[in-house]
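14 is the number of the first residue of the sequence shown in my numbering; add one for each residue after it.
Every residue, glycine too, gets a C-beta built ideally from N, C-alpha and C.
Only one structure is covered here, and it is reproduced in the block below.
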Amino acid sequence: MMKVLLSDGSHKNTLAIIRYLGREGHSVHILHHKKSAPAYSKYCKRLILCPPISNQEAYTGFLLQHVQDNKYDIFIPVGVLANKYSVSLYDKISPYVKLEVVHKSAFDIAINKRATFDFAAIHGIDHPRSFYPENRKQAEEMADSVMFPAVIKSSDESVLKFPTVYVDNRNDLCSSLDSLQTGFPDQLDRAYPLIQERIFGGAFGFFAVYQCGVCKKVFMHERIRENPVSGGVSTTARSFYDKHLLEAGKKVLDELKWHGPAMVEFKQDISSGAYKLIEINPKFWGSLELCLSAGMNFPHYLCMMARDEELEFSDNYHRKRRFIWLVAVQGELYRLFQKPRDFFPLVGDLLRFHSRSDFWWTDLKPTFIQLSYFVIWLKNRLFKKDQP
14 MMKVLLSDGS HKNTLAIIRY LGREGHSVHI LHHKKSAPAY SKYCKRLILC PPISNQEAYT
74 GFLLQHVQDN KYDIFIPVGV LANKYSVSLY DKISPYVKLE VVHKSAFDIA INKRATFDFA
134 AIHGIDHPRS FYPENRKQAE EMADSVMFPA VIKSSDESVL KFPTVYVDNR NDLCSSLDSL
194 QTGFPDQLDR AYPLIQERIF GGAFGFFAVY QCGVCKKVFM HERIRENPVS GGVSTTARSF
254 YDKHLLEAGK KVLDELKWHG PAMVEFKQDI SSGAYKLIEI NPKFWGSLEL CLSAGMNFPH
314 YLCMMARDEE LEFSDNYHRK RRFIWLVAVQ GELYRLFQKP RDFFPLVGDL LRFHSRSDFW
374 WTDLKPTFIQ LSYFVIWLKN RLFKKDQP
C-alpha cells in the first residue's frame with residue numbers, strides 16, 4: 014500500500030483515480046481548495062484544503078511545504094496546471110515525494126499546439142494545416158490562405174481553454190475571433206488562438222504510460238458522443254484496437270522520449286483514412302475511467318514506477334468496453350438538453366452487456382453530489398433564460 018497525493022479534487026478523472034487506487038489498497042489524499050464530489054468518495058482518505066490552483070505562487074508554495082511536512086510515496090498531478098507546475102518545479106518537489114512526470118522540454122512541446130505541430134512537421138507526423146496568428150490583425154491577413162471549413166482552437170490550454178469553434182468562411186472566422194477577444198482579452202494577449210483546417214472523420218485516442226522513454230502500457234478508444242455535440246469532451250466512448258493507431262501514437266511519444274502518462278488525440282480523415290494528429294495531452298485524460306474499467310489501471314502503474322518496479326509492455330485490455338459518463342459534469346445528462354433524440358441510443362448503450370458508467374452503486378456519495386450539481390444546472394437552465 015502506498016500513500017498517494019492527488020491534485021484537482023473536482024475533476025471526474027480524479028474521482029476515477031481515487032476509486033481505482035483505493036480498491037488496490039492505496040491511501041489516497043486530495044489537494045484542493047474546496048470540498049467537491051471526489052472528496053466524498055469512501056476511497057478518499059483525506060482532503061487537504063489549499064489555495065486555488067489558479068494562484069500559482071500560493072498554490073506551489075503550499076504544495077512544496079505540504080510535501081516537506083507530510084510523508085507521501087507519490088504525488089500524481091491530474092489537471093493541466095498541476096502538471097505544468099510539477100514539471101517546472103520537479104527538482105524542488107522530487108526530493109520529498111516521487112513524481113512520475115515527463116521532462117520539461119517534451120511537456121512544453123505537448124502543451125503548446127504550435128510547438129506540437131512544428132514538432133509533427135519535423136518528424137513526418139501527419140497533421141492538419143495550421144495557422145498561428147499572434148493578434149487579430151494577423152488573423153485577418155491569414156484568412157485568405159485558410160482552407161474552409163476551419164476550426165479555431167486554444168493554442169495553449171494552460172493559459173486559455175475554450176470549446177473548439179467551427180467556422181465556414183472568412184466572416185465566421187472574424188466574428189468568432191471578435192467574440193473570443195471580448196470574452197478573454199487578457200488570455201488572448203498571452204496565447205492567441207490557432208486556426209486549423211477542419212478534418213472530417215472519427216475522433217480517436219491513443220493512451221499510454223511510458224517509463225524512461227519506453228512504451229509500457231497501451232490503450233485506444235473511439236468517441237461515440239461528445240459534449241458539446243459539435244465536438245468536445247467524451248460522454249460515451251468505446252475501447253478498440255488498431256495497429257495503425259498504435260504506430261501513429263507511439264511515433265509521437267517515442268520521438269518525445271516520454272515518461273509517465275499521455276494521451277495523443279487523432280482524427281481519422283474520412284477521405285483518406287489517415288490518422289491526423291490533433292493534440293498531445295501530457296497528463297491523465299478526462300476519459301480515463303474507460304481505460305480503468307477495461308483493465309488498464311494507469312494510476313496504479315505510476316505507483317509501481319514510484320516503487321522502482323520495471324513495467325512490462327501490455328496492450329491487453331477489454332476491447333469491447335463501452336463507457337458512459339452519465340452523472341459527471343457535462344456528461345450525458347447535460348448533453349441530452351442539446352440533442353434530446355439521443356435519449357434512446359443512450360439507454361441502449363446503458364443496457365449493453367459490456368457497458369459501464371460512472372454511476373457507482375458501491376460509492377454513492379460522490380454520485381449524489383454530482384446529481385445535485387446537475388439539479389442546480391437544470392434549475393438555472395429552465396428558470397434563468399439568460400444562462401448559456
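Alpha carbon of residue i to alpha carbon of residue j, nearest angstrom
i	j	result
Gly245	Glu210	17 Å
Cys63	Ser243	36 Å
Pro401	Gln351	In this predicted model, Pro401 has a pLDDT of only 41, less than 50, meaning its place in the structure is not dependable enough to derive any value.
Pro65	Val80	17 Å
Trp374	Phe336	16 Å
Lys16	Tyr109	13 Å
Phe220	Glu322	20 Å
Phe144	Met155	7 Å
Leu190	Asp267	35 Å
Lys48	Gln281	40 Å
Ile165	Lys392	31 Å
Lys150	Cys187	10 Å
Phe381	Tyr98	32 Å
Ile389	Asn294	31 Å
Met160	Ser118	31 Å
Ser40	Asp185	51 Å
Phe357	Ala163	32 Å
Val277	Leu290	7 Å
Ser368	Glu345	14 Å
Phe402	His140	Nothing about residue 402 can be reported from this structure: the residues present for the chain run from 14 to 401 only.
Cys316	Asp82	21 Å
Pro379	Val180	38 Å
Thr27	Asp169	22 Å
Gly22	Ile43	6 Å
Asp157	Leu112	46 Å
Three-state class that DSSP yields for residue i in the structure shown
i	result
Cys228	strand
Ala221	strand
Lys97	helix
Asp255	coil
Arg348	helix
Asn148	coil
Gln281	strand
Met276	strand
Leu37	Here the sequence assigns Glu to residue 37, which means Leu is not the residue at that position. Here Glu37 sits in coil by DSSP.
Leu173	coil
Thr249	strand
Ala307	coil
Pro45	It should be noted that the sequence gives His, not Pro, for residue 45. The answer is strand: DSSP assigns His45 an E or B state.
Met233	strand
Cys316	helix
Ile337	strand
Pro401	Because the pLDDT of Pro401 is 41, which lies under 50, any placement of that residue in the model is unreliable, and the number read from its coordinates should be weighed accordingly. Here Pro401 sits in coil by DSSP.
Phe88	strand
Ser327	strand
Glu154	helix
Leu269	coil
Tyr288	strand
Residue of the options minimising C-alpha distance to residue i
i	options	result
Ile106	His136, Asp121, Asp131 and Phe75	Phe75
Glu325	Arg36, Asp82 and Tyr314	Tyr314
Ala319	Lys25, Arg32, Asp86 and Ile31	Asp86
Asp202	Glu278, Ala119, Cys187 and Ser167	Ser167
Gln200	Arg365, Leu349 and Asn148	Asn148
Asp104	Asp82, Leu77, Asn83 and Lys84	Leu77
Arg348	Ser247, Gly286, Met317 and Gly137	Ser247
Leu18	Asp157, Val265 and Pro312	Pro312
Phe132	Phe387, Asp157 and Lys264	Lys264
Val114	Val360, Ile138 and Trp271	Trp271
Val100	His116, Leu395 and Glu153	His116
Distance between beta carbons of residue j and residue i, contact taken as under 8 Å
i	j	result
Ser20	Ala95	4 Å
Leu60	His45	7 Å
Asp362	Val340	Not confirmed; about 15 Å, so no contact.
Ala50	Gln343	Not quite, the Cβ-Cβ distance comes to about 13 Å (not below 8 Å), so this is no contact.
Leu258	Phe279	7 Å
Tyr223	Gly273	7 Å
Glu235	Gly215	6 Å
Ile30	Val91	7 Å
Asp355	Arg238	7 Å
At a cut of 8 Å, does the stretch 331 to 348 reach the stretch 296 to 308 through at least three beta carbon pairs?
The answer is yes - the stretch 296 to 308 touches the stretch 331 to 348, with three or more Cβ pairs under 8 Å.
Is the stretch 172 to 180 touching the stretch 223 to 234, taking contact as three or more C-beta pairs under 8 Å?
Contact fails: fewer than three Cβ-Cβ distances are below 8 Å.
Quick check: the stretch 52 to 68 against the stretch 121 to 136, are there 3 or more CB pairs under 8 Å?
Too few Cβ pairs lie closer than 8 Å, so no.
Determine, using beta-carbon pairs with one atom in the stretch 195 to 211 and one in the stretch 296 to 304, whether at least three such pairs fall under 8 Å.
Of all C-beta pairs linking the stretch 195 to 211 to the stretch 296 to 304, fewer than three are shorter than 8 Å, placing the two stretches out of contact.
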